[in-house]
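Student: Following this message is one structure expressed as structure tokens.
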Amino acid sequence: MREHQIDAANAPPNGDGTLVSHATGGVTTRSTQDLAAPLTQVLQSFTTATRTDYLYGANRLATLTSGVSTWYVADALGSMRRTVSAAGVPQGVISYDPWGSVESGAVPIFGFTGELQQGGDVYLRARWYHAGSGRFASVDPFAGAAETPYSLHPYLWR
């Protein structure tokens, strides 16, 4: 299991814990977030070579990169299951096991539960989840609530 850390270079200027950049294969992607939404959503992402805009309805519907749109078909969890072109031509089918490991298909940047995918890990807004082991890679920053004892376990519940 890989250990993920949000370091000073990736920390948002407002310090609210929103992941605003990540690196994959030596390429850093930075993003613009909608911080007013109940759960933050990526509006745009940028690398040195590309800009991607994201279109939302109730969930993430599509991406627009270099004039090419890709539409997402999600399941009840919000996991991306299919991608289609603007003309409705199927581009890919993605299958996951119950814990979020990809069984087949090429996963878009937002995969299992509609969240950021990086390798076999999923960023679930506060920490990384390793789908292969079904475990979180770090302790939840939320300390838990005394009135809900099972929320006090640092790895399993949170």
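Its first residue numbered 41, the sequence shown is counted upward by one per residue in this note's numbering. C-beta atoms are modelled at their ideal positions from N, C-alpha and C, and glycine is treated no differently. Note that the structure is a prediction, hence the values are computed from the model and not measured.
Taking DSSP as the reference, what is the three-state secondary structure of P194?
Tutor: On the sequence shown, position 154 is the one that residue 194 refers to. Three-state DSSP puts P194 in coil, outside helix and strand.
Student: By the three-class DSSP mapping on this structure, what secondary structure does F176 have?
Tutor: Along the sequence shown, one-based indexing puts residue 176 at 136. Strand, per DSSP.
Student: Cα separation between G57 and R165?
Tutor: Taking the sequence shown and counting its residues from 1, one reaches residue 57 at position 17. Taking the sequence shown and counting its residues from 1, one reaches residue 165 at position 125. Those two C-alpha atoms are separated by around 8 Å.
Student: Near P194, which residues of its chain fall below 7 Å by C-beta distance, leaving aside the five closest residues on each side in sequence?
Tutor: As a working mapping, residue 194 is identified with position 154 in the sequence shown. Result list for P194: V179, D180, in chain order.
Student: Since S141 is in the beta strand (DSSP E), which residue starts that stretch and which ends it?
Tutor: Here residue 141 corresponds to residue number 101 of the sequence shown, with the count starting at 1. No beta strand (DSSP E) holds S141; DSSP gives it neither H nor E.
Student: Using a Cβ-Cβ cutoff of less than 7 Å, which residues in the same chain neighbour Y163 once the five nearest sequence positions on both sides are dropped?
Tutor: Taking the first residue of the sequence shown as 1, we reach residue 163 at position 123. Only L59, E155, L156 meet the Cβ criterion.
Student: Please classify G107: does DSSP put it in a helix, a strand, or coil?
Tutor: For the purposes of this step, residue 107 is taken as the residue at position 67 of the sequence shown. In the structure shown, G107 sits in coil (DSSP, three-state: anything other than H, G, I, E or B).
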